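According to the numbering used here, the sequence shown is numbered sequentially starting from 834.
From the three backbone atoms N, C-alpha and C, an ideal C-beta is built for every residue, glycine too.
Being a predicted model, the structure only gives us computed values, none of them experimental.
One structure is given below, encoded as structure tokens.
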Amino acid sequence: MTLLPHRNTAPMASSLRAFLKPRTVAIIGASRDPAKRGHRAIQALLNSRFEGRIVPINPKEPEILSLPCFPDIAAVPFEIDLALVCTPSRSTPEVIRACGEKGVKGAVVLAGGFGEASPEGAELEARTVEVARRYGVRLVGPNTNGIFDGHTGLNLVGWPGVYRGSLGVLSQSGNVAMSLMTTSIRTEHAGFTTFIGVGNESDIRFDEYLRFFGEDEATRAVIAYVEGFKDGRAFLDAAREVTRRKPVVLYKAGRTGQGQGAARSHSGSLAGDYAVGKGAMRQAGIIVLERSDEMFPVADMLSRHASRPAARVAVLSEGGGVISQAADALAERGLSMPALAAATEAALKAITPNATQLSNPIDAGGATDPHPRYIAASSRVILGDPSVDALLIVGFFGGYQVRYGASAIADENKAAQELVAMAAEAGKPVIVQSHYADFPTEAITILREAGILVVRSIEIAAACLAGVAEYHSILQRAPAPARAPAGPVPEVCEIIAGARAGGRTSLLEPEALRLLAAAGMPVPPHAVLRSVADVAELGSDFKREEVALKVVSKDILHKSDVGGVLLGLRGEAAIAGGMAAVLAEVRRRRPEAEVAGVLVTPMARRGVEVIVGVTTDPQYGRIMMFGLGGVFVEVLKDVAFRALPLTPADAAEMLDEIKGRAILDGVRGKQGADRRQIVDLMLRLSDIAVAHPEITEIDLNPVILHAEGYAIVDARMLLA
């Protein structure tokens, strides 16, 4: 199996095309030794029928593999588009300088031992990048396993038998990429456009590569395996553009990391790298997967059905057990199984009169002897039902000829051909889960060659349909209306300046409440008691209603942890006694803390406690968080994240993304929360955070939601 010659002449704006689809490739460090990468690279290009010119560079050899060698790149009498650098890392700056003087457009640096290895390696990498930028050479890597292009035969990775197709791949792992390649080879039906081993991202980064794929007409879907970004925000910006044109499927490794450093607020402590990244990437239109074995099939399915709906799925089988599994897998991924029309069920009964279940899911077996003709005939009826977006066939279709022998081959092959024709006619996604998916039967080959996916796992089949459904919803999502950027608020500037003048990197709670009010958010009435004598000066409302007392101190962010909170006090005597008790307890537990007083505020009415916050992520920048709040927020961790600035659609999606979203709508007869009010709060908080980047973290916890709006019960803000 070899790469088939094909030239993609589609116009592209990206400057990366000049060397990712090169006409000439120089192998610097070419070798006669078959064990050396400089030899294997040339052999791989020859085996893959590279369309361009291969130029070995070796000062000691006249030729390698019948190709004339040049002593150095300067001696080559024609232009070089791309150089593959097979030399040790220490020589890289000088090699790149020579490439730059020759006018080489791009270089793939294979060697490791750079920034990923040591401080000395980081310095070497920086020198290499400086030389490359001085001479205008773009770098892939270093520390990369290479690149290939399935449509031109460029194979600088060395993998044999790569199918050309419509999937672009970005990967920070050669082993993960190899897994994708072997899946393609095993199924013999889906292949690749360009693969890029990203490596250290020393020069070209994920966002540029993604835009390259976005512009490549041969690429219909992109697979990305990511361990970390050098510039996550730039990647999100690129994804927002590319995902409007084609799907991007991403698996993020390192999902158990808890961020960098010890965060001082709930917002910071809950913002683990993966949780933040998943929310921000979904916001940008990326399909984020939880399992690495879903990458290839989901991207393959999307490359064939990217613009089609798939949320309403009909399940067809010849047995009951797999139907139950399929129902669970679909429900877990947010897909529904709609009721079929009465006419559909009647038509199904005419096909299999003895079948045990003809409502969705459909058991076309049961008391009927299983036969592939039932699958084909039933599929035609199901695909014609207007309530069905997609069809999932589960069981052993494709493997009748294995299970029942040669007598079933003709019937099953015919049924497969009929299914292919009716799927094309209906224009609806069809996927087959078969227990015999790993058997190379003629029926399975017929299905795969026609673009119908056949997979072994019910869960992967459901993930494929969920990916199609999610991308369809992304395309249906109207582009967010541009929100006018909010400028700095003068009163907010004054509050921050006052804290700075006092040498503080946090706002006292009364200052935080003033800031929120200045940004247009309703805050509860409050006063600061600096001595017991101040209690007598409180307004009558404070003395008549139940109130809460909270210590005010720049040194104490988590007040309840040190006994700095008392609730449900009523009357002047109770408030005075409570104040004295709070101060005494705080002095006992934190004698070194500087106490500015005690905040008194009316008790909030009961409702749903949520947390709304802003934190600063090292990869993605400013991030909004929303979730169920209260004292157990860090235990429950039922939170959603989006990058700032926030749009109304982003905020609404966050409300629906948390597991406890039903609580917002009211349970056990209680009224639900006013979603419009909480969305407004989140948008105002987004505006103030964007306008004042010196505020690094905002923590409103809890905010109590009710039918008429919300009450901000506790507010804390940290400064850079």
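Hey, quick one: how far does the alpha helix (DSSP H) through residue i stretch, first residue to last?
i: residue 1133; result: 1128-1138
i: residue 1329; result: 1323-1334
i: residue 1305; result: 1291-1309
i: residue 1488; result: 1481-1490
i: residue 1429; result: Premise fails: residue 1429 lies in the beta strand (DSSP E), 1428-1435, not in any alpha helix (DSSP H).
i: residue 1418; result: 1405-1422
i: residue 860; result: From DSSP, residue 860 is part of no alpha helix (DSSP H) but of the beta strand (DSSP E) over 857-861.
i: residue 1527; result: Run containing residue 1527: none; DSSP gives neither H nor E here.
i: residue 1450; result: From DSSP, residue 1450 is part of no alpha helix (DSSP H) but of the beta strand (DSSP E) over 1441-1450.
By Cβ distance, which residues of its chain are closer than 7 Å to residue i, with the 5 residues on each side in sequence left out?
i: residue 1274; result: 1231, 1232, 1234, 1235
i: residue 1094; result: Note that residue 1094 scores a pLDDT of 38, beneath 50, so its modelled location is shaky and nothing firm can be said.
i: residue 1323; result: none
i: residue 1422; result: 1395, 1396
Would you identify the three-state DSSP class for residue i, choosing helix, strand or coil?
i: residue 868; result: coil
i: residue 1348; result: helix
i: residue 788; result: Any question about residue 788 goes unanswered here, given that the chain covers just 834 to 1553.
i: residue 816; result: The chain is shown from 834 up to 1553; residue 816 falls before or after that span and cannot be answered.
i: residue 891; result: coil
i: residue 1374; result: helix
i: residue 897; result: strand
i: residue 943; result: coil
i: residue 961; result: helix
i: residue 877; result: helix
i: residue 997; result: strand
i: residue 1146; result: strand
i: residue 1203; result: coil
For the beta strand (DSSP E) that residue i lies in, which residues bound it at each end?
i: residue 982; result: 980-982
i: residue 1458; result: 1454-1461
i: residue 1223; result: 1223-1228
i: residue 1266; result: 1263-1267
i: residue 1474; result: 1472-1476
i: residue 974; result: Taken as a continuous stretch (DSSP letters only), residue 974 belongs to no beta strand (DSSP E), as it is neither H nor E.
i: residue 1550; result: 1548-1552
i: residue 1544; result: 1542-1545
Please determine whether the Cβ atom of residue i lies at a distance below 8 Å from any heavy atom of the ligand NAP.
i: residue 898; result: Absence of the ligand NAP from the depicted structure is noted, as is the absence of any ligand whatsoever, leaving it without description.
Can you name, in chain order, every residue of its own chain whose Cβ lies under 6 Å from the Cβ of residue i, other than the five neighbours on each side?
i: residue 1100; result: Its pLDDT being 39, under 50, residue 1100 is placed unreliably in this model, and the value from its coordinates should be taken loosely. The answer, listed in chain order, is 1446, 1448, 1458, 1530, 1532.
i: residue 1067; result: 1040
i: residue 954; result: 946, 947, 948
i: residue 1411; result: 1382, 1399, 1402
i: residue 1340; result: 1332, 1550
i: residue 898; result: 875
i: residue 968; result: 933
Assuming residue i and residue j make a contact with CB atoms under 8 Å, what is their CB distance in whole Å?
i: residue 921; j: residue 944; result: 6 Å
i: residue 1120; j: residue 1109; result: With 8 Å as the limit, residue 1120 and residue 1109 do not qualify as a contact, their Cβ atoms being about 17 Å apart.
i: residue 1304; j: residue 1162; result: Contact doesn't hold; Cβ gap of about 19 Å is too wide.
i: residue 907; j: residue 861; result: With 8 Å as the limit, residue 907 and residue 861 do not qualify as a contact, their Cβ atoms being about 12 Å apart.
i: residue 883; j: residue 988; result: 7 Å
i: residue 1488; j: residue 1508; result: 6 Å
i: residue 1073; j: residue 1118; result: 6 Å
i: residue 913; j: residue 859; result: 5 Å
i: residue 1346; j: residue 1476; result: Residue 1346 to residue 1476, Cβ: 26 Å. No contact.
i: residue 1188; j: residue 1198; result: 7 Å
i: residue 1001; j: residue 1076; result: No, residue 1001 and residue 1076 are not in contact; Cβ-Cβ is about 13 Å, not under 8 Å.
Please list, in chain order, all residues of the same chain as residue i whose beta carbon is under 8 Å from its beta carbon, the five residues on each side excluded.
i: residue 1374; result: 1358, 1435
i: residue 1354; result: 1514, 1517, 1518, 1545
i: residue 1471; result: 1460, 1461, 1491, 1492, 1493
i: residue 839; result: No answer about residue 839 holds up, because its pLDDT of 32 lies below 50 and its placement is not dependable.
i: residue 1416; result: 1384, 1428, 1431
i: residue 1552; result: 1329, 1332, 1333, 1337, 1338, 1339, 1340, 1527, 1528, 1529
i: residue 1269; result: 1229, 1231, 1232, 1235, 1236, 1277
Taking 9 Å as the threshold (C-beta atoms), are residue j and residue i in contact?
i: residue 1004; j: residue 1028; result: yes
i: residue 1225; j: residue 1159; result: yes
i: residue 1195; j: residue 1150; result: yes
i: residue 1038; j: residue 852; result: no
i: residue 1444; j: residue 1526; result: no
i: residue 1036; j: residue 1082; result: no
i: residue 1371; j: residue 1405; result: yes
i: residue 1388; j: residue 1344; result: no
i: residue 1262; j: residue 1134; result: yes
i: residue 1184; j: residue 1220; result: no
i: residue 890; j: residue 905; result: yes
i: residue 1290; j: residue 1266; result: yes
i: residue 1222; j: residue 1295; result: no
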